[in-house]
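Worksheet: the structure to be examined is printed underneath.
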Amino acid sequence: MSETTLDTLRPGEAAHVVSLTPGHPLRRRLMELGFIRGARVSVLRTAPMGDPVELRIGGTELALRRQDLLSIRVRQ
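Heads up: the sequence shown is residues 1 to 76, going by UniProt numbering.
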């Protein structure tokens, strides 16, 4: 299992959340949305220009900017 940031995953791939960057402005909101250690996150698709990225975590589907995905460490 390799550890990376969520922005490196491609549509159809999934991973488990390892950590969120401390001090990131969206950290608290991401945790409220389910981005907690061990949660499974799947990449559904990307916008035509590559940003934003549509994700599924738990029963929630949402889109995040690629720059925000850099703050989410995952393990495949």
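Each residue gets a CB set at the ideal place from its N, CA and C atoms; glycine is no exception.
Since this is a predicted model, take the numbers as computed values, not measurements.
Beta-carbon proximity list for residue i, same chain, < 6 Å, skipping 5 on both sides
i, result
"ARG45", "PRO11 and GLU54"
"VAL36", "What sits at residue 36 in the sequence shown is Ile, not Val. Around ILE36: no qualifying Cβ."
"GLU13", "VAL43"
Short Cβ contact (9 Å threshold) for residue i with residue j
i, j, result
"ARG56", "GLU3", "no"
"ALA39", "GLY59", "no"
"LEU33", "LEU62", "yes"
"VAL43", "ILE72", "no"
"PRO48", "ARG66", "no"
"LEU70", "LEU30", "no"
With 16 other Cβ atoms within 10 Å as the buried cut-off, status of residue i
i, result
"ALA15", "buried"
Beta-carbon contacts of residue i that lie in its chain and below 7 Å, excluding the five residues immediately before and after
i, result
"ASP68", "LEU26"
"VAL18", "GLU3, ARG37, ARG73, VAL74 and ARG75"
8 Å Cβ shell around residue i - same chain, five flanking residues per side excluded
i, result
"GLY50", "ARG66"
"MET1", "ARG75 and GLN76"
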